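**Q** Here it is: the structure, laid out below.
Numbering (mature numbering (1 follows the signal peptide of the UniProt record, and there is no 0)), first residue to last: -17 to -1, 1 to 310.
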């Protein structure tokens, strides 16, 4: 299922945290059960991300002293595990967190070859590398599919996307309200609705009841926005007004963060233009900044984030990502 002054020092600290047993947005071993320091929370490593949740009453998440990835859930008075438990099945993806590093300097970007833009297709994936410019192989706006085609390619996912969050799936009315909100709020903000749709699918798979992530800053709603106001987690049905608010938080921004409209403007201020500013804005949206190299795959957070969305814009909507940068 987007370095700038608006991101907090607490978020920087969350992004810099490395121990696998700490409350962190990144992890190393796919499928591993992770514990926080006092054993009160657990997470499953999925696609390089970990979202911690409270353990059940009377239990603790415990790990061996010599191996922080050899963990299990046990009664509060039990001993740490002595042998690895069978690996769990891969959990569903969780929304991407947005840690923020310090603002970088701005030397000239180092050119890096990238594969040519592809012709699209629901399961066809091309890994895009470099600075986000068409000269380095990135899709132009004219390469993007129409909004109607992109909506059709993703609407089936929206119909069943909430199960991964243990929530009731979207109703036809909620999906219709979501489509209308993306078109109207994007138009008001001056953001291409295709760009908004692809980013939303990357963040939440379009589930109106998606949970919130928090690594120092609360990221609720369809776009996992920066201290956003809109959320329908554990709420059925989701009112149209709340769907509109979630989309507005993600497209126009919040009092604490500019989101899509703002990060595109910031990328333009830093020298990018056109579609390159949109792709660079995605890197800012996800991690807070573009690395000093200028290459979007460099730096922290989700290294495939921008490439995934570029593929969504050209028609990819099913099958596993072909990007291995976060493997």
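All C-beta atoms, glycine included, are put in the ideal place defined by N, C-alpha and C.
This structure is a prediction, so every number in the text was calculated from the model and none was measured.
Which residue's Cα is closest to the Cα of residue 268: 127, 288, 167, 300?
**A** Against the chain shown, residue 268 aligns to sequence position 285. Closest by alpha carbon: 288.
**Q** Quick test of your reading: residue 208 and residue 237, contact by CB under 8 Å. State the CB separation rounded to the nearest angstrom.
**A** Mapped onto the chain shown, residue 208 falls at position 225. Mapped onto the chain shown, residue 237 falls at position 254. Indeed they touch by this definition, with Cβ atoms about 6 Å apart.
**Q** Anyone know if the C-beta pair for residue 306 and residue 140 falls short of 8 Å?
**A** Start at 1 with the first residue of the chain shown, and residue 306 comes out as number 323. Start at 1 with the first residue of the chain shown, and residue 140 comes out as number 157. Their beta carbons are not under 8 Å apart, which means residue 306 does not touch residue 140 by this criterion.
**Q** Answer yes or no: do residue 295 and residue 185 have a C-beta to C-beta separation smaller than 8 Å?
**A** Stepping through the chain shown from its first residue, residue 295 is reached at position 312. Stepping through the chain shown from its first residue, residue 185 is reached at position 202. For residue 295 and residue 185, yes; Cβs fall inside 8 Å.
**Q** Name, in chain order, the residues that DSSP records as bridge partners for residue 24.
**A** The count along the chain shown starts at 1 and reaches residue 24 at position 41. Residue 24 is bridged to 37.
**Q** Can at least three beta-carbon pairs, one atom from the segment 168 to 177 and one from the segment 244 to 257, be found at a separation below 8 Å?
**A** At 8 Å Cβ cutoff, the stretches touch.
**Q** Using alpha carbons as the reference points, say which of 169, 135, 188 lies closest to residue 232.
**A** Translated into positions along the chain shown, residue 232 becomes position 249. Nearest C-alpha to residue 232: 169.
**Q** Would you tell me roughly how many angstroms separate the C-alpha atoms of residue 54 and residue 291, rounded to the nearest one?
**A** Counting from one through the chain shown, the residue named residue 54 turns up at place 71. Counting from one through the chain shown, the residue named residue 291 turns up at place 308. Cα to Cα, residue 54 sits roughly 32 Å from residue 291.
**Q** Determine the DSSP secondary structure at residue -16, reduced to helix, strand or coil.
**A** The residue labelled residue -16 in the question sits at position 2 within the chain shown. Because the pLDDT at residue -16 is just 36, under 50, the model does not fix this residue reliably, and the value given afterwards should be weighed accordingly. Note: residue -16 maps to coil in three-state DSSP.
**Q** Determine the DSSP secondary structure at residue 235, reduced to helix, strand or coil.
**A** As a working mapping, residue 235 is identified with position 252 in the chain shown. It is coil, neither helix nor strand.
**Q** With a CB to CB cut of under 8 Å and the five nearest residues on each side skipped, what residues in its chain are close to residue 105?
**A** Locating residue 105 in the chain shown gives position 122, where the first residue counts as 1. Closer than 8 Å at the Cβ level, and outside the excluded window around residue 105, lie 136, 298, 299, 300, 301, 302.
**Q** Could you compute how far the alpha carbon of residue 228 sits from the alpha carbon of residue 285?
**A** Mapped onto the chain shown, residue 228 falls at position 245. Mapped onto the chain shown, residue 285 falls at position 302. Using only the alpha carbons, I get a separation of about 26 Å.
**Q** Going along the chain, which unbroken runs of the alpha helix (DSSP H) with 4 or more residues stay wholly within the segment 112 to 148?
**A** Entirely contained in the segment 112 to 148, the alpha helix (DSSP H) runs reaching 4 residues are, in chain order, 130 to 143.
**Q** Run through DSSP, which three-state label would residue 204 get?
**A** Your numbering for residue 204 matches position 221 in the chain shown. Here residue 204 sits in coil by DSSP.
**Q** What is the rounded straight-line gap between the Cα of residue 258 and the Cα of residue 163?
**A** Translated into positions along the chain shown, residue 258 becomes position 275. Translated into positions along the chain shown, residue 163 becomes position 180. Those two C-alpha atoms are separated by around 24 Å.
**Q** Tell me whether residue 269 sits in a helix, a strand or coil according to DSSP, three-state version.
**A** The residue you call residue 269 lines up with position 286 of the chain shown. DSSP places residue 269 in helix when its eight states are reduced to three.
**Q** Kindly indicate which three-state DSSP category residue 32 falls into: helix, strand or coil?
**A** Counting from one through the chain shown, the residue named residue 32 turns up at place 49. Strand, per DSSP.
**Q** For residue 110, report the span of its beta strand (DSSP E) as first-last.
**A** Here the question's residue 110 lines up with position 127 in the chain shown. Element bounds for residue 110: n/a, residue is neither H nor E.
**Q** By Cβ distance, which residues of its chain are closer than 8 Å to residue 239, with the 5 residues on each side in sequence left out?
**A** What you label residue 239 is simply residue 256 of the chain shown in a count that begins at 1. The answer, listed in chain order, is -12, 200, 209, 210.
**Q** The alpha helix (DSSP H) with residue 246 in it runs from where to where?
**A** Counting from 1 along the chain shown, the entry for residue 246 is found at position 263. Per DSSP, residue 246 belongs to the alpha helix (DSSP H) from 242 to 252.
**Q** Assign residue 34 to buried or exposed, taking buried as 16 or more other Cβ atoms, counted over all protein chains shown, within 10 Å of its Cβ.
**A** Numbered from 1 along the chain shown, position 51 holds the residue referred to as residue 34. That one is buried.
**Q** Rank 216, 179, 188, 180 by C-alpha distance to the C-alpha of residue 194 and give the top, closest one.
**A** Reading the chain shown from its first residue, position 211 is the one you call residue 194. Of the listed residues, the one whose Cα sits closest to residue 194 is 216.
**Q** To the nearest angstrom, how far is the alpha carbon of residue 179 from that of residue 212?
**A** Along the chain shown, one-based indexing puts residue 179 at 196. Along the chain shown, one-based indexing puts residue 212 at 229. Each residue's alpha carbon lies about 18 Å from the other.
**Q** Do residue 46 and residue 28 count as a contact pair if the criterion is CB distance below 8 Å?
**A** Stepping through the chain shown from its first residue, residue 28 is reached at position 45. Stepping through the chain shown from its first residue, residue 46 is reached at position 63. Contact flag unset, no.
**Q** When DSSP builds the beta bridges, which residues end up paired with residue 56?
**A** To locate residue 56, count along the chain shown from 1; it is residue 73. DSSP, once it has assigned bridges, lists 44 as partnering residue 56.
**Q** Among all the DSSP beta bridges, which residues are the ones paired with residue 196?
**A** Residue numbering aside, residue 196 sits at position 213 when the chain shown is read from its first letter. Answer by DSSP bridge pairing, in chain order: 202.
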